[in-house]
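A short worksheet on the structure shown next.
Residue numbers (this note's numbering): 545 to 693.
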């Protein structure tokens, strides 16, 4: 069975910054992303789509809008469970950006996926919640090592 990766905004943003999709040298990385999306192996939450601001990654995300799953009733219920257990995962924000983390985790649980995040805060963020709930997660570079073998 193929792995399913559930990607966070920070990983997509870092991919866009570190592996500029307009540069020929990184075209194989973006081709791998495209193939994973086409095969249903790279997904995310529609809430994560809302967190994307960079022009290049927003353009890519719009071209792959189907990879950003809508907030189904199941996702909303699972998100509620996560927030009851980990209310601190919602960050108080001054700007209108999304709080997609609990939706991302809920999507990963329901889709039996591995979260791809470059978030490093093990005390209060995605890694801490994943470890507590037994949800597998990895860094973007680790995912790329797997899919580009």
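The beta-carbon is built from N, C-alpha and C at its ideal position, and this holds for glycine as well.
Pick helix, strand or coil for residue 630, following the three-state DSSP scheme. Stepping through the chain shown from its first residue, residue 630 is reached at position 86. Reduced to three states, the DSSP call for residue 630 is coil.
Taking the C-alpha atoms as reference points, what is the distance between residue 657 and residue 567? Translated into the one-based positions of the chain shown, residue 657 becomes position 113. Translated into the one-based positions of the chain shown, residue 567 becomes position 23. For residue 657 and residue 567, the distance between alpha carbons rounds to 30 Å.
Those runs of the beta strand (DSSP E) which lie wholly inside the region 558-642 and span at least 3 residues: 586-589
Residue 601 beta carbon less than 9 Å from that of residue 670: Start at 1 with the first residue of the chain shown, and residue 670 comes out as number 126. Start at 1 with the first residue of the chain shown, and residue 601 comes out as number 57. Cβ distance not < 9 Å, so residue 670 and residue 601 don't count as in contact.
Of the residues 651, 686, 692, 687, which one's Cα is nearest the Cα of residue 679? Indexing the chain shown from 1 puts residue 679 at position 135. Considering only alpha carbons, the answer is 651.
Answer yes or no: do residue 592 and residue 551 have a C-beta to C-beta separation smaller than 9 Å? As a working mapping, residue 592 is identified with position 48 in the chain shown. As a working mapping, residue 551 is identified with position 7 in the chain shown. Yes.
Look at residue 626 and residue 673 and say whether their C-beta atoms are less than 9 Å apart. Here residue 626 refers to the residue found at position 82 when the chain shown is read from its first residue. Here residue 673 refers to the residue found at position 129 when the chain shown is read from its first residue. Taking 9 Å as the Cβ cut-off, residue 626 and residue 673 qualify as a contacting pair.
Does DSSP classify residue 550 as helix, strand or coil? Position 6 of the chain shown, counted from the first residue, corresponds to residue 550. Of the three classes helix, strand and coil, the one that applies to residue 550 here is strand, per DSSP.
Does the beta-carbon distance from residue 555 to residue 623 come in below 9 Å? Position 11 of the chain shown, counted from the start, is the residue given in the question as residue 555. Position 79 of the chain shown, counted from the start, is the residue given in the question as residue 623. No, these two residues do not count as a Cβ contact at 9 Å.
Output yes or no for whether 9 Å exceeds the beta carbon distance between residue 596 and residue 553. Translated into positions along the chain shown, residue 596 becomes position 52. Translated into positions along the chain shown, residue 553 becomes position 9. Going by C-beta atoms, residue 596 is nearer than 9 Å to residue 553.
Does DSSP put residue 679 in a helix, a strand or coil? Mapped onto the chain shown, residue 679 falls at position 135. Correct three-state label for residue 679: coil.
Integer-rounded CB distance, given that residue 692 should sit under 8 Å from residue 569: Within the chain shown, the letter at position 25 stands for residue 569. Within the chain shown, the letter at position 148 stands for residue 692. Rounded, the Cβ-Cβ distance is 13 Å, inconsistent with contact.
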